[in-house]
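Have a look at the structure below, then the notes.
Chains as they are written, first to last, in the working numbering: chain U, 352 to 530; chain V, 1085 to 1265.
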């Protein structure tokens, strides 16, 4: 390699002298990419279905749990305990599945995701404490109510997230990218 | 270490694969300057370079699923830009590859003549722009874009030895021009 070659290679960065019109090129690119709306509608529908299922199952399970407890009165029946545990495991799986969905959803802003997940984590901790309490005192209605509220909050969170996705979809076409 | 480099911006690439517009835009912003400069060096006309960059990103995003981290995303994209720029020149009937009969003129390069060249970046840039199109691409691809002769041969659809001879003649011509400036 001679001096000229070496000099050019060493000064490669000096050949980066042109500045593109970033926004102009991007709008041309964006207009030719497949419309993102399709994905959003798909996901939104999915979330709606998932959230509705969660709400319905949640209501039924909680009602049946209260009924079971009312009928068993003050006995700590091992069958009841087992059933409660089953219900709880089912819930935990369902919520974990929802959280996973949110985590893996590429259509959500990282901030939105983080906010959602941090709330979910808080509720998890609360739920854990409530469960321990319930093990000690199965028929305490106050604790049951708190558990119900805990699940309600989770549902509310998912609903909020739905709303956010909905809003971002609505405003999508009006907002330009800020450069 | 090599693996890490190959997976540069992996998260953005993966999200872009699934059609996430925000990630696509972030990738675009990361690479648009470099890609535009590559195309400008090859084509020299703002509007042409913009068209090529635009088409390249559209093609890249549409075919992102075929990107399997065998190279970095940047060099994969760069290759698209280079190919599209070359095609653009061909469409305009600008000869980018040398005529085969030139091949017999391969002569051993002597570094003697390159000794007293003023190493001035502005003169060199000016000199490169004054080169015939084929010579300009040879210098660009080899020295600035950093491709080896095998790769250049593939890009231009010529043999490796033609690429070498084209490059040496280009350099000789460049030296002449710079000295005269």
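Beta carbons are placed, not taken as given, at the ideal position from N, Cα and C, and that holds for glycine.
These numbers come from a predicted model, not from an experiment.
Using three-state DSSP, classify residue i as helix, strand or coil.
i, result
"residue 1163(V)", "helix"
"residue 361(U)", "helix"
"residue 378(U)", "helix"
"residue 1095(V)", "helix"
"residue 1243(V)", "coil"
"residue 409(U)", "helix"
"residue 1140(V)", "helix"
"residue 1232(V)", "coil"
"residue 1207(V)", "helix"
"residue 1103(V)", "coil"
"residue 352(U)", "coil"
"residue 1259(V)", "helix"
"residue 400(U)", "helix"
"residue 515(U)", "helix"
"residue 443(U)", "helix"
"residue 419(U)", "helix"
What is the rounded straight-line gap between the Cα of residue i and the Cα of residue j?
i, j, result
"residue 1092(V)", "residue 1156(V)", "7 angstroms"
"residue 1159(V)", "residue 1201(V)", "32 angstroms"
"residue 385(U)", "residue 1103(V)", "8 angstroms"
"residue 353(U)", "residue 1256(V)", "12 angstroms"
"residue 1108(V)", "residue 513(U)", "23 angstroms"
"residue 1258(V)", "residue 356(U)", "11 angstroms"
"residue 390(U)", "residue 1105(V)", "In this predicted model, residue 390(U) has a pLDDT of only 47, less than 50, meaning its place in the structure is not dependable enough to derive any value."
"residue 462(U)", "residue 362(U)", "41 angstroms"
"residue 438(U)", "residue 1154(V)", "48 angstroms"
"residue 455(U)", "residue 1171(V)", "39 angstroms"
"residue 1187(V)", "residue 1247(V)", "Reliability fails at residue 1187(V), whose pLDDT of 46 lies under 50, so the model's placement of it is uncertain and the value that follows must be treated cautiously. Going from the Cα of residue 1187(V) to the Cα of residue 1247(V) covers about 10 angstroms."
"residue 475(U)", "residue 1131(V)", "56 angstroms"
"residue 503(U)", "residue 1144(V)", "45 angstroms"
"residue 1128(V)", "residue 372(U)", "15 angstroms"
"residue 484(U)", "residue 398(U)", "32 angstroms"
List the whole-angstrom C-beta distance separating residue i from residue j, where the pair is believed to meet the contact cut-off of C-beta under 8 angstroms.
i, j, result
"residue 1228(V)", "residue 366(U)", "5 angstroms"
"residue 1149(V)", "residue 1101(V)", "6 angstroms"
"residue 1215(V)", "residue 1254(V)", "6 angstroms"
"residue 1142(V)", "residue 380(U)", "6 angstroms"
"residue 1225(V)", "residue 1231(V)", "5 angstroms"
Determine whether the beta carbon atoms of residue i and residue j lie at a separation below 8 angstroms.
i, j, result
"residue 1174(V)", "residue 1119(V)", "no"
"residue 508(U)", "residue 467(U)", "yes"
"residue 459(U)", "residue 453(U)", "yes"
"residue 1217(V)", "residue 1178(V)", "yes"
"residue 1262(V)", "residue 1209(V)", "no"
"residue 1116(V)", "residue 1137(V)", "yes"
"residue 1168(V)", "residue 1140(V)", "yes"
"residue 495(U)", "residue 417(U)", "yes"
"residue 1126(V)", "residue 369(U)", "no"
"residue 506(U)", "residue 402(U)", "yes"
"residue 1244(V)", "residue 1233(V)", "yes"
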